[in-house]
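Participant: Chains as they are written, first to last, in UniProt numbering: chain S, 1 to 271; chain R, 1 to 271.
Heads up, the beta-carbon is just placed ideally off N, CA and C, and yes, glycines get one too.
Quick caveat, the model's predicted, so the values are computed rather than measured.
2 protein chains.
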Amino acid sequence: MNRAELFSQIQKKSSFLCVGLDPDLAKIPSHLKNEADPIYSFCKQIIEETADFAVAYKPNIAFFEALGPKGWETLQKVLECMPKDVFSIADAKRGDIGNTSKLYAKAFFESMDFDSITVAPYMGKDSVTPFLEFDNKWVILLALTSNIGSQDFQLIEDANGKPLFKSVLEKSQEWGTPDNLMYVVGATRGELIGEVRKSAPDHFFLVPGVGAQGGSLSEVAKYGMNSTCGLLVNSSRGIIYASTEKDFAKVARQEAKKLQIEMKDLMDQYL
Amino acid sequence: MNRAELFSQIQKKSSFLCVGLDPDLAKIPSHLKNEADPIYSFCKQIIEETADFAVAYKPNIAFFEALGPKGWETLQKVLECMPKDVFSIADAKRGDIGNTSKLYAKAFFESMDFDSITVAPYMGKDSVTPFLEFDNKWVILLALTSNIGSQDFQLIEDANGKPLFKSVLEKSQEWGTPDNLMYVVGATRGELIGEVRKSAPDHFFLVPGVGAQGGSLSEVAKYGMNSTCGLLVNSSRGIIYASTEKDFAKVARQEAKKLQIEMKDLMDQYL
Numbered sequence: 001m002n003r004a005e006l007f008s009q010i011q012k013k014s015s016f017l018c019v020g021l022d023p024d025l026a027k028i029p030s031h032l033k034n035e036a037d038p039i040y041s042f043c044k045q046i047i048e049e050t051a052d053f054a055v056a057y058k059p060n061i062a063f064f065e066a067l068g069p070k071g072w073e074t075l076q077k078v079l080e081c082m083p084k085d086v087f088s089i090a091d092a093k094r095g096d097i098g099n100t101s102k103l104y105a106k107a108f109f110e111s112m113d114f115d116s117i118t119v120a121p122y123m124g125k126d127s128v129t130p131f132l133e134f135d136n137k138w139v140i141l142l143a144l145t146s147n148i149g150s151q152d153f154q155l156i157e158d159a160n161g162k163p164l165f166k167s168v169l170e171k172s173q174e175w176g177t178p179d180n181l182m183y184v185v186g187a188t189r190g191e192l193i194g195e196v197r198k199s200a201p202d203h204f205f206l207v208p209g210v211g212a213q214g215g216s217l218s219e220v221a222k223y224g225m226n227s228t229c230g231l232l233v234n235s236s237r238g239i240i241y242a243s244t245e246k247d248f249a250k251v252a253r254q255e256a257k258k259l260q261i262e263m264k265d266l267m268d269q270y271l
Numbered sequence: 001m002n003r004a005e006l007f008s009q010i011q012k013k014s015s016f017l018c019v020g021l022d023p024d025l026a027k028i029p030s031h032l033k034n035e036a037d038p039i040y041s042f043c044k045q046i047i048e049e050t051a052d053f054a055v056a057y058k059p060n061i062a063f064f065e066a067l068g069p070k071g072w073e074t075l076q077k078v079l080e081c082m083p084k085d086v087f088s089i090a091d092a093k094r095g096d097i098g099n100t101s102k103l104y105a106k107a108f109f110e111s112m113d114f115d116s117i118t119v120a121p122y123m124g125k126d127s128v129t130p131f132l133e134f135d136n137k138w139v140i141l142l143a144l145t146s147n148i149g150s151q152d153f154q155l156i157e158d159a160n161g162k163p164l165f166k167s168v169l170e171k172s173q174e175w176g177t178p179d180n181l182m183y184v185v186g187a188t189r190g191e192l193i194g195e196v197r198k199s200a201p202d203h204f205f206l207v208p209g210v211g212a213q214g215g216s217l218s219e220v221a222k223y224g225m226n227s228t229c230g231l232l233v234n235s236s237r238g239i240i241y242a243s244t245e246k247d248f249a250k251v252a253r254q255e256a257k258k259l260q261i262e263m264k265d266l267m268d269q270y271l
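1) What's the gap between the Cα of S:Gly186 and the Cα of S:Cys18?
2) Going by the beta-carbon positions, is the gap between R:Ala120 and R:Gly149 smaller than 7 Å?
3) Let me make sure I understand the geometry here. Which of R:Glu219, R:Asn147 and R:Thr100 has the alpha-carbon closest to that of R:Pro130?
4) Can you give me the start and stop residues for the beta strand (DSSP E) that S:Met182 sits inside?
5) So, helix, strand or coil for R:Thr228, using DSSP?
6) Using the rule of at least 16 other Cβ atoms within 10 Å of the residue's Cβ for burial, across every protein chain shown, is R:Gly161 buried or exposed?
7) So what does S:Tyr57 bridge to, in DSSP terms?
8) Taking the alpha carbon of R:Glu110 as the reference point, which residue from R:Asp135, R:Ala54, R:Ile239 and R:Thr74 has its own alpha carbon closest?
9) Would you kindly work out how many angstroms separate the C-alpha atoms of S:Ala36 and S:Leu21, rounded to a whole number?
10) At the level of alpha carbons, what is the spacing between R:Ile28 and R:Pro38?
11) Might you give, ordered along the chain, the residues of its own chain that have their beta carbon closer than 7 Å to the beta carbon of S:Ala143, omitting 5 neighbours on each side?
12) Three Cβ pairs or more, each shorter than 8 Å: is that satisfied between the region 255-270 of chain R and the region 232-245 of chain R?
13) Does the beta carbon of S:Trp175 sit closer than 7 Å to a beta carbon anywhere in chain R?
14) Less than 7 Å between CB atoms is the rule here; does S:Ser236 satisfy it with respect to chain R?
15) Less than 7 Å between the beta carbons of S:Ser116 and S:Gly209, yes or no?
16) Could you give the DSSP three-state label for R:Asp113: helix, strand or coil?
17) Tell me the rounded alpha-carbon separation between R:Gly190 and R:Thr228.
18) Which residues of chain R have a Cβ atom closer than 7 Å to the Cβ of S:Glu195, listed in chain order?
19) Compute the beta-carbon to beta-carbon distance between S:Phe16 and S:Val78, rounded to the nearest angstrom, for a pair I have assumed lies under 8 Å.
20) For the putative contact between S:Ala249 and S:Glu49, defined by C-beta atoms under 8 Å, what is the C-beta separation to the nearest angstrom?
21) Using the beta-carbon count (16 or more within 10 Å), is S:Asp126 buried or exposed?
22) Could you give the residue range of the alpha helix (DSSP H) that holds R:Phe131?
23) Spell out whether any CB of chain C is found under 7 Å from the CB atom of R:Ala105.
24) What residue from R:Ser88, R:Val128 and R:Pro83 has the CA that sits closest to R:Leu103's CA?
25) Any beta carbon from chain S within less than 7 Å of R:Ile148's own beta carbon?
26) As a quick exercise: from S:Leu217, S:Gln254 and S:Arg237, pick the residue whose alpha carbon is nearest that of S:Tyr270.
27) From what residue to what residue does the alpha helix (DSSP H) around R:Ala252 run?
28) Tell me, please, whether the CB atom of residue 315 of chain R is closer than 7 Å to any CB atom in chain S?
29) Could you spell out where the beta strand (DSSP E) holding R:Leu144 opens and where it closes?
30) Contact criterion: CB-CB distance below 7 Å. Does R:Leu206 meet it with respect to chain S?
31) Give a yes or no on whether the minimum CB-CB distance between R:Glu35 and chain S is below 7 Å.
32) By the three-class DSSP mapping on this structure, what secondary structure does R:Lys162 have?
33) When you compare the CB of R:Met267 with every CB in chain S, is at least one pair closer than 7 Å?
34) Which residues of chain R have a Cβ atom closer than 7 Å to the Cβ of S:Thr100, listed in chain order?
35) Does DSSP put S:Glu157 in a helix, in a strand, or in coil?
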């Protein structure tokens, strides 16, 4: 999916919602556990019920990887049951030396057909660029994450007072463009999203940390929205585990719809 | 495997060689391609022939992941065919927020039984510590890598002139000890290994970049060895693809033996 198509979906659904799929056997409704592939059934129903309000889905690869070889079959099935007009994100946080990153890229972009993958920047250019060599595929590079540990290294300032996350933003714009490179920007710090937006005015940001992790959607929109929206705001647990009863998918739909309504207001206000 | 056991193996074999398993269908000997699982056959024969000279094996997870669900079954079989007295490294470069890292840890330490996993530091403490909560399991944290891109961020100096990789070394020593934390330290820059050794006198270093990537073994030993060796030096392509004919495993054995003989000399000199 290219940038124009993504923005078109955002406008069509009046939503920039990404639903994070973190399917944990210990947390999914117990009635699903008798099914042949409970994780698949769970994800499929979540996707079906929320697709009117979400423009992107983000399977967290760890949750599938933890299930062994079968988990990868499940992941493939989950990817295939997504509507064709949504943007798919493999939240894998991969990154290794060139020839190895190329294999990760093939795994997620060729063997599977994800639109994008999250990538860690620590190893620099040759760990990132192999992912950028696929038409209409995207790297979503970690810039400023929403977890506590983000403060350990991402905020370290260089001799000129530039924090590491800004170096990542600046340097990586030599490798990719707003048409194949997005950034992960945590929502727990609204004013910092504004900082990031200054460094990357045209790029899309994938914003985790709204909901369970405590970020505010209106702050994100205020500081982060650009003329093509430029935001994909993720909610995982707040949607997929809103109910753990038989009605889980319907309740997920309601929660997604709530966020979409908020998003529509914010798009009317800032877009 | 604990640190004493690892050092004991190093002494027993007079070797600190790690064999990197990067099994690429396009590169393995063609006669293997008729076998039911060519990648497994390749790795198994490499392991069998080199085990006298290697103390560790490092499957590069991307090469297995790129094969889809079947690749994970192959990885499990490869892990199981390693002798019990070698140190196994899942070269996966994982790292995500706490609850997700915990799942990656379970995947590699419980579902599979790797001794260690390589982890990327960018997301900080809560992305690393979940891997440190397993008895006799190890994190091998990226500090200073051997690829060109290592210069993009790892060498950025803070206001006090401290490069990022040193901040990673210092901060992470608050999270783990020399008994559960190692570092990836690239071999392409001997003098920098000495710098890292000053910051982490007791920790083991996993040193890639000897051989195909151009590092010098004697420089690594000179700058990096400590009183319990403190080094695992990896060679991948230089061993596993030394021959692509039917004799590949025997030639791999010869290459591993050559390195082991060099290593014995260096251990005699510096240990």
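Facilitator: In short, the structure shows the following:
1) For the purposes of this step, residue 186 of chain S is identified with residue 186 of the first sequence, where counting begins at 1. For the purposes of this step, residue 18 of chain S is identified with residue 18 of the first sequence, where counting begins at 1. When rounded, the separation of the alpha-carbon atoms in S:Gly186 and S:Cys18 is 14 Å.
2) To locate residue 120 of chain R, count along the second sequence from 1; it is residue 120. To locate residue 149 of chain R, count along the second sequence from 1; it is residue 149. By the CB criterion at 7 Å, R:Ala120 and R:Gly149 fall outside the cutoff.
3) In the second sequence, residue 130 of chain R corresponds to position 130, counting from 1. Checking every option, the nearest Cα to that of R:Pro130 belongs to R:Thr100.
4) Residue mapping note: residue 182 of chain S aligns to position 182 of the first sequence, counting from 1. Per DSSP, S:Met182 belongs to the beta strand (DSSP E) from Leu181 to Val185.
5) Residue mapping note: residue 228 of chain R aligns to position 228 of the second sequence, counting from 1. When DSSP states are grouped into helix, strand and coil, R:Thr228 belongs to the coil group.
6) Within the second sequence, the letter at position 161 stands for residue 161 of chain R. With fewer than 16 other CB atoms across the displayed protein chains lying within 10 angstroms of its CB, R:Gly161 is exposed.
7) Residue 57 of chain S sits at position 57 when you count from the first residue of the first sequence. S:Tyr57 has S:Val19 and S:Ser88 as its beta-bridge partners, per DSSP.
8) Counting from 1 along the second sequence, the entry for residue 110 of chain R is found at position 110. It is R:Asp135 whose Cα lies nearest to the Cα of R:Glu110.
9) Your numbering for residue 36 of chain S matches position 36 in the first sequence. Your numbering for residue 21 of chain S matches position 21 in the first sequence. The alpha-carbon atoms of S:Ala36 and S:Leu21 are separated by roughly 19 Å.
10) Counted from its first residue, the second sequence places residue 28 of chain R at position 28. Counted from its first residue, the second sequence places residue 38 of chain R at position 38. Our two residues, R:Ile28 and R:Pro38, have alpha carbons roughly 8 Å apart in a direct line.
11) Stepping through the first sequence from its first residue, residue 143 of chain S is reached at position 143. The beta carbon of S:Ala143 lies closer than 7 Å to those of Phe165, Val168, Leu169, Tyr183, Val184, Val185 and Val196 in the same chain, with the five residues before and after it left out.
12) In short, these stretches touch, since the Cβ pair count reaches three.
13) Reading the first sequence from its first residue, position 175 is the one you call residue 175 of chain S. For S:Trp175, not one C-beta of chain R is nearer than 7 Å to its own C-beta.
14) Taking the first sequence and counting its residues from 1, one reaches residue 236 of chain S at position 236. No, S:Ser236 does not count as interfacial toward chain R.
15) Walking along the first sequence from the start, residue 116 of chain S turns up at place 116. Walking along the first sequence from the start, residue 209 of chain S turns up at place 209. Contact: no.
16) Indexing the second sequence from 1 puts residue 113 of chain R at position 113. The answer is coil: DSSP assigns R:Asp113 none of H, G, I, E or B.
17) Numbered from 1 along the second sequence, position 190 holds the residue referred to as residue 190 of chain R. Numbered from 1 along the second sequence, position 228 holds the residue referred to as residue 228 of chain R. Computed Cα separation, rounded: 19 Å.
18) Sequence index remark: in the first sequence, residue 195 of chain S carries index 195 (1-based). The contacting residues do not exist; S:Glu195 stays about 18 Å from chain R at best.
19) On the first sequence, position 16 is the one that residue 16 of chain S refers to. On the first sequence, position 78 is the one that residue 78 of chain S refers to. Going by Cβ atoms, the distance from S:Phe16 to S:Val78 rounds to 21 Å, so no, they are not a contact pair.
20) Indexing the first sequence from 1 puts residue 249 of chain S at position 249. Indexing the first sequence from 1 puts residue 49 of chain S at position 49. The Cβ separation is near 4 Å, so the contact holds.
21) Numbered from 1 along the first sequence, position 126 holds the residue referred to as residue 126 of chain S. It is buried - the Cβ of S:Asp126 has at least 16 other Cβ atoms within 10 Å.
22) Counted from its first residue, the second sequence places residue 131 of chain R at position 131. Unbroken run through R:Phe131: none, as it is neither H nor E.
23) Considering every chain present, this structure includes no chain C. Its protein chains are S and R.
24) For the purposes of this step, residue 103 of chain R is identified with residue 103 of the second sequence, where counting begins at 1. Of the candidates R:Ser88, R:Val128 and R:Pro83, the one whose C-alpha sits nearest the C-alpha of R:Leu103 is R:Val128.
25) Counting from 1 along the second sequence, the entry for residue 148 of chain R is found at position 148. It does: the Cβ of R:Ile148 has a partner Cβ on chain S nearer than 7 Å.
26) As a position in the first sequence, residue 270 of chain S is number 270, starting the count at 1. Closest by alpha carbon: S:Leu217.
27) Counting from one through the second sequence, the residue named residue 252 of chain R turns up at place 252. Residues Phe248 to Tyr270.
28) Here chain R comprises residues numbered 1 to 271, so residue 315 of chain R is not present and cannot be evaluated.
29) By 1-based counting over the second sequence, the position of residue 144 of chain R is 144. Element bounds for R:Leu144: Trp138 to Leu144.
30) Your numbering for residue 206 of chain R matches position 206 in the second sequence. False, the Cβ-Cβ gap to chain S never drops below 7 Å.
31) In the second sequence, residue 35 of chain R corresponds to position 35, counting from 1. By this cut-off, R:Glu35 is not an interface position.
32) Here the question's residue 162 of chain R lines up with position 162 in the second sequence. Here R:Lys162 sits in coil by DSSP.
33) Residue numbering aside, residue 267 of chain R sits at position 267 when the second sequence is read from its first letter. Taking Cβ atoms only, chain S never reaches closer than 7 Å to R:Met267, which makes this a no.
34) On the first sequence, position 100 is the one that residue 100 of chain S refers to. Result: Asn60 and Ala62.
35) The sequence position of residue 157 of chain S within the first sequence is 157, counting from 1. Here S:Glu157 sits in strand by DSSP.
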